[in-house]
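Quick notes on the structure that follows.
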Amino acid sequence: MAQVITVGTWRQRDTTMGPVLAALDRLRQCDRRGAVRTSFVTLLAVGGQSVEVDEVFDTVHRLGPLQPTRVIVVRVLAGDEHRLDARVGVHLQSRGNQCLGIDDIALEVAGPVTSHLDSLVEPLTLPDLPVVVWCRERLPPARSRLIDVADHLVVDTVAAGGRSRLPAVARLHQRTPVIDFAWLRLLPLRRRLATALTRTEHRALVDEPADVVVAGPEVERALLAGWLQVRLPGWSVGEADGDRAELSVSVGGSTQQLQVETGASAATESLLARALLHLRPDPVFADALRAAADSTGAGTAR
Numbered sequence: 145m146a147q148v149i150t151v152g153t154w155r156q157r158d159t160t161m162g163p164v165l166a167a168l169d170r171l172r173q174c175d176r177r178g179a180v181r182t183s184f185v186t187l188l189a190v191g192g193q194s195v196e197v198d199e200v201f202d203t204v205h206r207l208g209p210l211q212p213t214r215v216i217v218v219r220v221l222a223g224d225e226h227r228l229d230a231r232v233g234v235h236l237q238s239r240g241n242q243c244l245g246i247d248d249i250a251l252e253v254a255g256p257v258t259s260h261l262d263s264l265v266e267p268l269t270l271p272d273l274p275v276v277v278w279c280r281e282r283l284p285p286a287r288s289r290l291i292d293v294a295d296h297l298v299v300d301t302v303a304a305g306g307r308s309r310l311p312a313v314a315r316l317h318q319r320t321p322v323i324d325f326a327w328l329r330l331l332p333l334r335r336r337l338a339t340a341l342t343r344t345e346h347r348a349l350v351d352e353p354a355d356v357v358v359a360g361p362e363v364e365r366a367l368l369a370g371w372l373q374v375r376l377p378g379w380s381v382g383e384a385d386g387d388r389a390e391l392s393v394s395v396g397g398s399t400q401q402l403q404v405e406t407g408a409s410a411a412t413e414s415l416l417a418r419a420l421l422h423l424r425p426d427p428v429f430a431d432a433l434r435a436a437a438d439s440t441g442a443g444t445a446r
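Heads up, the sequence shown is in the working numbering, so the first residue is 145 and it goes up one at a time.
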């Protein structure tokens, strides 16, 4: 990772957005080398009291060429009393013969201001750059105005409450494009499965409908089963009981069996990098999410 050099920092408790914006502008004027932007996106990370602000900044700073131009972390605290504490940092990162600018803004909020986070963060977004809202824990409420600020939502359904939240993710996806870490974790297994099924020795499995059993963590398992239902019409796709650490797919035809597994899950840093690389419509994920949400809703109804 290229070294990050801090140009300057500012912090203030019980403030308003006016001083925050003024401090950001003043710090950016301190060193004009940071005028070159790092990427064409603003990242807004939102979470509760358990979110470690510096951990988020460190994760994002390790993204290299995918490092967002501006990173805003909003930490929503419990309590009815108004609170707005802010911290601003402007940094430089050398990359080749360029010196790239990085803006970090951290806001800790509580009380009435939490009901209109959109108006709080919108002045911090950069004109003409897409805004990616990274929901670190819970999903935003369906009617949250914060979603109106977002061009893309990044979520982790596992951290947001598990499989029961898949229908809520599907509803959010109808409003704003969603990228789910749970789906990104499936990429290695999907690639292995596709490669295995193209081999000559497994041709019989492709030529006739077969039984497919998906095992693994419940959220990823549901999404993978949803994907297989869409991609393999006429096949019987089921889920194994239990919550195994590793994902696997077993395909059984009349003449042979095939099992594909994937190992340890990717780290948050690599998942976020992958998400920022895929800021475009993903109809395959949309279909898999819809099928997984439908099966989850049907299971809940039963």
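Heads up, the beta-carbon is just placed ideally off N, CA and C, and yes, glycines get one too. Remember, predicted model here, so these are calculated numbers, not experimental data.
Q: Within the stretch 300-347, note down every full beta strand (DSSP E) run reaching 3 residues or more, in order along the chain.
A: Qualifying beta strand (DSSP E) stretches, in chain order: 322-324.
(Q) So, for residue 374: in the same chain, excluding its five sequence neighbours on each side, which residues have a beta-carbon less than 7 Å away from its beta-carbon? (A) Sequence index remark: in the sequence shown, residue 374 carries index 230 (1-based). These residues qualify, in order along the chain: 431, 432 and 435.
Q: Give the secondary structure of residue 290 by DSSP, where H, G and I count as helix, E and B as strand, and everything else as coil.
A: Along the sequence shown, read from residue 1 onward, the residue named residue 290 stands at position 146. Residue 290: helix per DSSP, three-state reduction.
Q | Local conformation of residue 445 per DSSP, three classes | A | Residue numbering aside, residue 445 sits at position 301 when the sequence shown is read from its first letter. Confidence at residue 445 is low in this model, with a pLDDT of 39, below 50, so its placement is unreliable and no value can be given for it.
Q) Rounded C-beta distance between residue 391 and residue 349? I'm assuming under 8 Å. A) Position 247 of the sequence shown, counted from the first residue, corresponds to residue 391. Position 205 of the sequence shown, counted from the first residue, corresponds to residue 349. Not confirmed; about 19 Å, so no contact.
Q) If you count every other CB in all the chains shown that lies within 10 Å of the CB of residue 212, and 16 or more means buried, which is it? A) Here residue 212 is taken as the residue at index 68 of the sequence shown, counted from 1. Classification of residue 212: buried, given that the 10 Å Cβ count is 16 or more.
Q. Measuring CA to CA, which of 393, 199 and 201 is closest to residue 360?
A. Looking up residue 360 in the sequence shown gives position 216. Cα-wise, what sits closest to residue 360 is 393.
Q. According to DSSP, is residue 380 helix, strand or coil?
A. For this step, residue 380 is matched to residue 236 along the sequence shown. DSSP places residue 380 in strand when its eight states are reduced to three.
Q: Report buried or exposed for residue 248, applying the criterion of at least 16 other Cβ atoms within 10 angstroms of its Cβ.
A: Looking up residue 248 in the sequence shown gives position 104. Buried is the call here.
Q. If you drop the 5 nearest sequence neighbours on each side, which residues of the same chain put their C-beta closer than 7 Å to that of residue 445?
A. Walking along the sequence shown from the start, residue 445 turns up at place 301. Caution applies to residue 445, whose pLDDT of 39 falls short of 50 and renders its modelled position unreliable; the value that the coordinates give is listed next. Closer than 7 Å at Cβ, skipping near neighbours: no residue.
Q. Are the beta-carbon atoms belonging to residue 197 and residue 220 less than 8 Å from one another?
A. Taking the sequence shown and counting its residues from 1, the one referred to as residue 197 is at position 53. Taking the sequence shown and counting its residues from 1, the one referred to as residue 220 is at position 76. The Cβ atoms of residue 197 and residue 220 do not sit closer than 8 Å to each other.
Q | Same chain only: Cβ atoms within 7 Å of residue 311, ignoring 5 sequence neighbours per side | A | The residue given as residue 311 occupies position 167 in the sequence shown. Once the five neighbours on either side are set aside, the close Cβ partners of residue 311 are 437, 440 and 441.
Q: Report yes or no: do the stretch 272-279 and the stretch 233-251 share at least 3 C-beta pairs separated by less than 8 Å?
A: Between the stretch 272-279 and the stretch 233-251 there are fewer than three inter-stretch CB-CB distances shorter than 8 Å, so the stretches are not counted as touching.
Q: Give every residue of the same chain whose Cβ lies closer than 6 Å to the Cβ of residue 370, excluding the five residues on either side of it in the sequence, and list them in chain order.
A: Along the sequence shown, one-based indexing puts residue 370 at 226. Correct list, in chain order: 432, 435 and 436.
Q: Using the Cα positions of residue 271 and residue 189, report the straight-line distance between them to the nearest angstrom.
A: For this step, residue 271 is matched to residue 127 along the sequence shown. For this step, residue 189 is matched to residue 45 along the sequence shown. Going by the C-alpha atoms only, they are around 18 Å apart.
Q: Could you say if the stretch 285-293 and the stretch 255-265 meet the contact criterion of at least three C-beta pairs nearer than 8 Å?
A: They touch, by the three-pair rule.
Q.
Here's the rule: buried if 16 or more other CB atoms are within 10 angstroms of the residue's CB, otherwise exposed. What is residue 387?
A. Taking the sequence shown and counting its residues from 1, one reaches residue 387 at position 243. The residue in question, residue 387, is exposed, as its Cβ has fewer than 16 Cβ neighbours within 10 Å.
Q.
If I follow the unbroken alpha helix (DSSP H) through residue 414, where does it start and stop?
A. By one-based count along the sequence shown, residue 414 stands at place 270. Element bounds for residue 414: 412-421.
Q | residue 234 versus 240, 204, 214 and 251, residue with shortest Cα-Cα distance | A | The residue labelled residue 234 in the question sits at position 90 within the sequence shown. Comparing alpha-carbon positions, the option among 240, 204, 214 and 251 lying closest to residue 234 turns out to be 214.
Q) Which residues in the same chain as residue 324 place their Cβ atom closer than 6 Å to its Cβ, once the five residues preceding and following it in sequence are excluded? A) Within the sequence shown, the letter at position 180 stands for residue 324. Spatial neighbours of residue 324 in its own chain (CB-CB distance under 6 Å, excluding positions within 5 residues in sequence) are listed in chain order as 299 and 301.
Q. If you run the structure through DSSP and keep just helix, strand and coil, what is residue 186?
A. Residue 186 sits at position 42 when you count from the first residue of the sequence shown. Looking at residue 186 - three-state DSSP - the assignment turns out to be strand.
Q: For residue 193, collect the residues of the same chain with a Cβ closer than 6 Å to its Cβ; drop the 5 residues on either side in sequence, then sort them by chain order.
A: For this step, residue 193 is matched to residue 49 along the sequence shown. Closer than 6 Å at the Cβ level, and outside the excluded window around residue 193, lie 221.
Q) For residue 223, does the three-state DSSP call read helix, strand or coil? A) In the sequence shown, counting from the first residue as 1, residue 223 sits at position 79. In this structure, residue 223 counts as coil in the three-state DSSP scheme.
(Q) Taking the straight line between their C-alpha atoms, what separation do you get for residue 329 and residue 416? (A) Here residue 329 is taken as the residue at index 185 of the sequence shown, counted from 1. Here residue 416 is taken as the residue at index 272 of the sequence shown, counted from 1. Approximately 11 Å, taken between the alpha carbons.
Q. At what residues does the beta strand (DSSP E) containing residue 100 begin and finish?
A. Because the chain spans 145 through 446 in this model, residue 100 falls outside it and cannot be assessed.
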